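In our numbering, the protein residues as written are 98 to 440.
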């Protein structure tokens, strides 16, 4: 990951102010940690402050290295409350039931953690809620965030249910961590550590859990919170060109390229609205996808020893033959010839 590739993706700083608090508690000189990153505690604590993803990555790596704590993500998640998530948290608390609250989170999750997307679905038997990584980071940073999402969501849903959480299944895209005993604190969870592609955290509850009424339900407050969330998403889109944001997300997508529907979901808009934004900027999703896919193909061919088949799968092609045809159409030569000529 390079700083230029991720400079447009900014993460709310409030979560890393909490990380700094945890590091201070462990005796870390946080000023020494933050200074080389061009940060200080005052910056992290400013209302509405954001950090570029690469800066988040460096801070998390330094924090883990200085403390030796691989459970930093779990502890971070446990320390968060619904009120930690600003207006989205207010909307969650004002929702009529758990089902509505999780739908609201999936709609506005980019205001909480734009390097992940949240998905929610419910059928007659199950209620499934998933956080999926959509931007590349170091493995250390990814693991910390996966564990933070797992523990935060557990304790926050438990709070919503007033402690009456049913037993459920929790799947994390991690190898079993050395601190696996900490997961006993998630009393209702049956934890499964299974590395997977793409990286995600998935909760599977019985469908009936969604009907649990919330103690602070308030229709007027909920409408106000949702309107403010929509306004914040719109302002975020207006501050930057949408085609540039889409290009960056495609460039940093993990394990395959998102469809237009998936990208629209991440942006909390309909595919038609995304298409309209892109057309207004003289861009199209298919053209952006083709351009970024080819750029990534060139980079992988030049800078890694990855096989042609693995690169094809990484870019979302069904097999190496389809990748070779698409690459030759643009470049004029096959991927293997391109790699040989460039070495």
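Using N, Cα and C, we set each Cβ at its ideal position, and we do this for glycine too.
All of these numbers come straight from a predicted model, not from anything done at the bench.
Rounded to whole angstroms, residue 153 and residue 108 show a C-alpha spacing of 8 Å. Here residue 432 is buried, its C-beta having at least 16 other C-beta atoms within 10 Å.
The beta carbon of residue 358 sits closer than 7 Å to the beta carbons of 368 from its chain, once the five residues preceding and following it are set aside; these are given in chain order. By the neighbour-count criterion, in which 16 or more other beta carbons inside 10 Å mark a residue as buried, residue 427 falls on the exposed side. Under the criterion of beta carbons closer than 8 Å, residue 228 and residue 246 qualify as touching, at roughly 5 Å. Per DSSP, reduced to three states, the secondary structure at residue 397 is helical.
The three-state secondary structure of residue 291, taken from DSSP, is coil.
Residue 149 and residue 265 have their alpha carbons spaced roughly 35 Å apart. The beta carbons of residue 390 and residue 410 sit no closer together than 7 Å.
Between residue 207 and residue 375 the beta-carbon gap is near 17 Å, outside 8 Å, which marks them as no contact. Looking from the CA of residue 191, the closest CA among 312, 159, 396, 303 belongs to 312. A contact is defined here as three or more CB-CB pairs under 8 Å, and the segment 221-238 fails this definition with respect to the segment 174-181.
Rounded to the nearest angstrom, the gap between the Cα atoms of residue 223 and residue 216 is 14 Å. Excluding sequence positions up to five before and after residue 172, its CB lies within less than 7 Å of the CB of 119, all in the same chain and listed in chain order. Taken in chain order, the complete beta strand (DSSP E) segments of 3 or more residues contained in the segment 112-181 are 147-149.
If you check the CB distance, residue 354 and residue 385 do not come in under 7 Å. In the structure shown, residue 258 adopts coil according to DSSP, grouped into three states.
Under DSSP, residue 269 takes part in a beta bridge, and its partners are 290, 298. Linking residue 219 to residue 198 through their CA atoms gives a straight-line distance of about 13 Å. In the three-state reduction of the DSSP assignment, residue 210 falls in the coil class.
Counting C-beta atoms within 10 angstroms of its own C-beta, residue 289 has fewer than 16 neighbours from the protein chains shown and is therefore classed as exposed.
Rounded to whole angstroms, residue 141 and residue 133 show a C-alpha spacing of 15 Å. Secondary-structure assignment with DSSP links residue 215 through a beta bridge to 228.
Taking the Cα positions, residue 380 is about 40 Å away from residue 160.
Distance from residue 230 to residue 296 at the Cβ level is roughly 5 Å; contact confirmed, criterion being Cβ atoms closer than 8 Å. Short of 8 Å from the beta carbon of residue 309, and not among the five residues preceding or following it, lie these beta carbons of its own chain, in chain order: 194, 195, 257, 258, 261.
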